[in-house]
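The working numbering puts the first residue of the sequence shown at 2, with every later residue one more than the last. We put the CB at the ideal spot given by N, CA and C, even for glycine. Keep in mind the model is a prediction, meaning the values are calculated, not measured. Below is one structure, written out as structure tokens; comments come after it.
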Amino acid sequence: SSWVKEVTRSIKISSVARRTEGTRSAAMTVNDTKAAIRTFKACIKEKGASACIGERKAAVEGVSNAVKGECAAQVEDFFSCFAHRYQLLSCGDATVSKMLKCQEQFSGQLLSTK
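Below you can see the structure in the form of structure tokens.
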């Protein structure tokens with residue numbers, strides 16, 4: 002769905018922002034994020050997607066921040082490789098794969114919240 006694409010885009014933007022602006026504390030906990038997702042899904046059922054913009058924003062922001070925090074080590078590894086143009090011995094396809102896998106798995110866990 003389109004909001005899942007928005008979450009993915011937000012995660013990527015947050016990862017870049019984290020690297021360029023420094024570490025910021027996450028405003029929502031994982032439990033808050035799960036609650037925001039449930040609230041958004043309930044709102045869609047009751048009112049339709051167009052009436053749930055605030056709930057959608059809260060869910061997207063929560064997932065983005067949670068994934069950013071959970072996958073911080075993999076993002077740092079990726080940006081170290083990127084900054085050194087993949088010339089470090091530890092850099093390779095696995096570096097990118099680990100970051101993407103972490104982001105995909107953790108966001109998937111959050112988005113499957115019932």
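Asked                                                                                                                                                                   : Found
Three-state secondary structure (DSSP) at S26?                                                                                                                          : Residue placement at S26 is flagged as unreliable, the pLDDT there being 46, under the threshold of 50; the coordinate-derived value follows with that caveat. Coil.
Considering only their Cβ atoms, is the gap separating G63 from M100 smaller than 8 Å?                                                                                  : no
Let me know if N32 comes out buried or exposed under the rule of 16 or more other beta-carbons within 10 Å of its beta-carbon.                                          : exposed
Between which two residues does the alpha helix (DSSP H) harbouring A50 extend?                                                                                         : No alpha helix (DSSP H) holds A50; DSSP gives it neither H nor E.
For F107, I'd like the list of residues in its chain whose CB is within less than 8 Å of its CB, leaving aside the five on either flank, ordered along the chain.       : A67, V68, E71 and C72
Use the C-beta contact count for I54: other C-beta atoms within 10 angstroms, 16 or more gives buried, fewer gives exposed.                                             : exposed
Taking Cβ to Cβ, would you say I38 is nearer than 8 Å to L112?                                                                                                          : yes
List in chain order: all unbroken alpha helix (DSSP H) runs of 4+ residues lying wholly within the segment 77-109.                                                      : none
Can you list, in chain order, the residues of its chain with a C-beta nearer than 7 Å to that of T114? Leave out the 5 residues immediately preceding and following it. : K35, I38 and R39
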